[in-house]
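Below is one structure, written out as structure tokens; the observations come after it.
There are 2 protein chains.
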Amino acid sequence: MTEKIKRNERMAVMMQVLTTAPNRIFTLSHFAEMFDAAKSTVSEDVALLEKAVERFSLGRLETVTGASGGVRYRPALGSGGRRAFIEDICQKLSDPSRVLPGGFLYYADILSDPEMVTGMGNLIAGACYGLLPDFVLTMETKGIPVAMMAARALGKPLVIARHTIKAYEGSAVNTPYVSASGGIETMSLPRRAVENGKKALIVDDFMRGGGTISGMKNLMREFDVEIVGTLVVLAMEAVDNRLVDNVRPLMLLGPIQHGETPVVRPADWI
Amino acid sequence: MTEKIKRNERMAVMMQVLTTAPNRIFTLSHFAEMFDAAKSTVSEDVALLEKAVERFSLGRLETVTGASGGVRYRPALGSGGRRAFIEDICQKLSDPSRVLPGGFLYYADILSDPEMVTGMGNLIAGACYGLLPDFVLTMETKGIPVAMMAARALGKPLVIARHTIKAYEGSAVNTPYVSASGGIETMSLPRRAVENGKKALIVDDFMRGGGTISGMKNLMREFDVEIVGTLVVLAMEAVDNRLVDNVRPLMLLGPIQHGETPVVRPADWI
Numbered sequence: 001m002t003e004k005i006k007r008n009e010r011m012a013v014m015m016q017v018l019t020t021a022p023n024r025i026f027t028l029s030h031f032a033e034m035f036d037a038a039k040s041t042v043s044e045d046v047a048l049l050e051k052a053v054e055r056f057s058l059g060r061l062e063t064v065t066g067a068s069g070g071v072r073y074r075p076a077l078g079s080g081g082r083r084a085f086i087e088d089i090c091q092k093l094s095d096p097s098r099v100l101p102g103g104f105l106y107y108a109d110i111l112s113d114p115e116m117v118t119g120m121g122n123l124i125a126g127a128c129y130g131l132l133p134d135f136v137l138t139m140e141t142k143g144i145p146v147a148m149m150a151a152r153a154l155g156k157p158l159v160i161a162r163h164t165i166k167a168y169e170g171s172a173v174n175t176p177y178v179s180a181s182g183g184i185e186t187m188s189l190p191r192r193a194v195e196n197g198k199k200a201l202i203v204d205d206f207m208r209g210g211g212t213i214s215g216m217k218n219l220m221r222e223f224d225v226e227i228v229g230t231l232v233v234l235a236m237e238a239v240d241n242r243l244v245d246n247v248r249p250l251m252l253l254g255p256i257q258h259g260e261t262p263v264v265r266p267a268d269w270i
Numbered sequence: 271m272t273e274k275i276k277r278n279e280r281m282a283v284m285m286q287v288l289t290t291a292p293n294r295i296f297t298l299s300h301f302a303e304m305f306d307a308a309k310s311t312v313s314e315d316v317a318l319l320e321k322a323v324e325r326f327s328l329g330r331l332e333t334v335t336g337a338s339g340g341v342r343y344r345p346a347l348g349s350g351g352r353r354a355f356i357e358d359i360c361q362k363l364s365d366p367s368r369v370l371p372g373g374f375l376y377y378a379d380i381l382s383d384p385e386m387v388t389g390m391g392n393l394i395a396g397a398c399y400g401l402l403p404d405f406v407l408t409m410e411t412k413g414i415p416v417a418m419m420a421a422r423a424l425g426k427p428l429v430i431a432r433h434t435i436k437a438y439e440g441s442a443v444n445t446p447y448v449s450a451s452g453g454i455e456t457m458s459l460p461r462r463a464v465e466n467g468k469k470a471l472i473v474d475d476f477m478r479g480g481g482t483i484s485g486m487k488n489l490m491r492e493f494d495v496e497i498v499g500t501l502v503v504l505a506m507e508a509v510d511n512r513l514v515d516n517v518r519p520l521m522l523l524g525p526i527q528h529g530e531t532p533v534v535r536p537a538d539w540i
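In the order they appear, the protein sequences are chains L and W.
Residues 1 to 270 (this note's numbering) make up the first sequence, in order.
Residues 271 to 540 (this note's numbering) make up the second sequence, in order.
Encoded structure:
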């Protein structure tokens, strides 16, 4: 490159690279080489970026020391921004036209809107960095986009349990579970999808009785995997005899009646 | 805010905001207010950012003029980076241990690795910005993460067709299609998931005979939706009598034999 690269260019490009691969550690040497600059110069850039990220509540830029050290970016919303973001979704969901026959709530659109799922994924990751999961687990289908975005913010792979694994996908482990409608269904995961002894974070879209989540926990037991946390986008309030505990929902849904406005509110920890 | 915000801080923060919401137009006033700066100052920042994004092949930063004008960021890989990225995935897939009984290829891990799916999603979006889709359509399950990332880079919603829409999800449109195994299956979409008269970009994970994609096209006809483009991650080479044409794969897969190395190569347009 002929023209020298200025600090403002370096900082903008670093921020882009760090934002595109959240929670991944980039060495200072990586950036020094990229910009043909001294490591001390890059180190000053990072210090300035750290301050900027904090000032505008964009998450956290962290310097990691040690042999595999460097800098990483973790997206997160400040507690104020977090609550405002979830309240906005609650408002979108609190719409009588979303109530379907049988007292169900239509929310598939919210779960595949890029801005919504990116925000929810970042929020979930922000609450779970300290749990150090090796992967994110979800059960098909509607929770996949949010789970994928959480996995992306954590910089970890997503593993998707399915109703049936076709024979042509290789050996699989099957587990029965109680579905939302009360029937017994099967969830399945290819044997090679998960390494024994790892740590999983469960992310799912909806919880009523907890059957699906209980199924995922049983499934992970077959792989000798520890569950470090369980988050769901929406949980029904006031359900008796839930099959699981320690589940953190982003939002709580009250009992719904046809023609009435559904009551959706942020969970207390948000 | 007490301390004045410097240009390098403004540029880094703008880059973060633009990268987090790809293809969304932010007005200069938005940033001017955010930084308590003059619009002319922000406009100079944007000009410098545009140069930096181009210089480091990070995609494109574009100034959009007119009433709803402003600045937007479109992630994309340069043609060199694009080919290198896909070649790297081809190499990962060209592994005899991935061949499953019956001559199938295991690739679910590639389709839920955040770095891979973000890259593939950006690549797909980069080829499709000009097609101006209103939404991205996929059929559950394995293609959802890539389709979600393409939707994110395009700044448009994702719509997911499913095998069965449960009664509690409201009215749905069903279409029969020929599945990969040759049987007849059904795909289903809630009536309210798509507005009539819109434009769809189809993104799916795998194509052999084209049955699933043909089904999605039939399904969209029911909604009076125009298909502006169809992309798949992986397509079998040398398949006779395919049900669809004009499908762009990212990679091509040769006939596979148990115990042999699968042959996976980038499609010519990559």
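Virtual Cβ for every residue (Gly too), placed ideally from N, Cα, C.
In this chain, the alpha helix (DSSP H) harbouring Phe-301 (chain W) covers 298-305. For chain W, the residues of the region 137-151 of chain L that bring a beta carbon within less than 7 Å of one of its beta carbons are Glu-140, Thr-141, Ile-144, Pro-145, Met-148, Ala-151, in chain order. The DSSP-derived three-state label of Asp-204 (chain L) is strand. The Cβ of Leu-100 (chain L) sits closer than 8 Å to at least one Cβ of chain W.
Taking a C-beta distance under 8 Å as the contact criterion, Gly-210 (chain L) and Arg-242 (chain L) qualify as a contact pair.
Cβ-Cβ separation between Gly-155 (chain L) and Pro-384 (chain W): approximately 6 Å, consistent with a contact (criterion under 8 Å). Against Pro-157 (chain L), the close residues of chain W are Asp-379, Ser-382, Asp-383, Pro-384, in the order they occur along the chain (beta-carbon pairs closer than 8 Å). Within chain W, the residues placing a beta-carbon under 7 Å from that of Ala-52 (chain L) are Glu-279, Ala-282, Val-283, ordered along the chain. Only residues of its own chain outside the window of five on either side were considered, and among them Cys-128, Leu-131, Leu-201 have a CB closer than 6 Å to the CB of Gly-229 (chain L), listed in chain order. Taking Pro-133 (chain L) as the centre and dropping the five residues before and after it, the same chain places the C-beta of Leu-154, Lys-156, Lys-199, Ala-200, Leu-201, Val-228, Gly-229 closer than 8 Å to its C-beta, in chain order. Apart from sequence neighbours up to five positions away, the residues of its chain that approach Ala-302 (chain W) with a beta-carbon distance below 6 Å are Lys-309, Val-312, ordered along the chain. Interface annotation, Gly-481 (chain W): not in contact with chain L, CB-CB separation never under 8 Å. Listed along the chain, the chain W residues whose CB falls inside 7 Å of the CB of Phe-26 (chain L) amount to none; the nearest CB is some 13 Å away. Taking one beta carbon from each stretch, the region 341-360 of chain W and the region 282-300 of chain W have 3 or more pairs nearer than 8 Å; the two touch.
Annotation for Asn-196 (chain L): Phe-223, Asp-224 place their beta carbon closer than 6 Å to its own, counting only its chain and skipping 5 residues before and after. Beta-bridge partners of Glu-226 (chain L) (DSSP): L:Lys-199. As a beta-bridge residue in DSSP terms, Phe-104 (chain L) pairs with L:Leu-100. Looking at the DSSP output, Arg-294 (chain W) shares a beta bridge with no other residue. Taking a Cβ-Cβ threshold of 8 Å, none of the residues of chain W is close to Arg-82 (chain L); the smallest such distance is about 15 Å. When the alpha-carbon of Thr-482 (chain W) is set against those of W:Ala-463, W:Arg-535, W:Val-514, the nearest one is in W:Val-514. No Cβ of chain L is located within less than 8 Å of the beta carbon of Tyr-447 (chain W). Close to chain W, meaning a Cβ-Cβ distance shorter than 8 Å, are the following residues of the region 181-214 of chain L: Ser-181, Pro-190, Arg-192, Ala-193. Among the residues facing chain W, Gly-170 (chain L) is included, as its CB has a counterpart in that chain under 8 Å away. In summary, Ile-414 (chain W) is buried, with 16 or more beta-carbon neighbours lying within 10 Å of its beta-carbon over all protein chains present.
Per DSSP, Leu-58 (chain L) lies in no beta strand (DSSP E) and is assigned neither H nor E.
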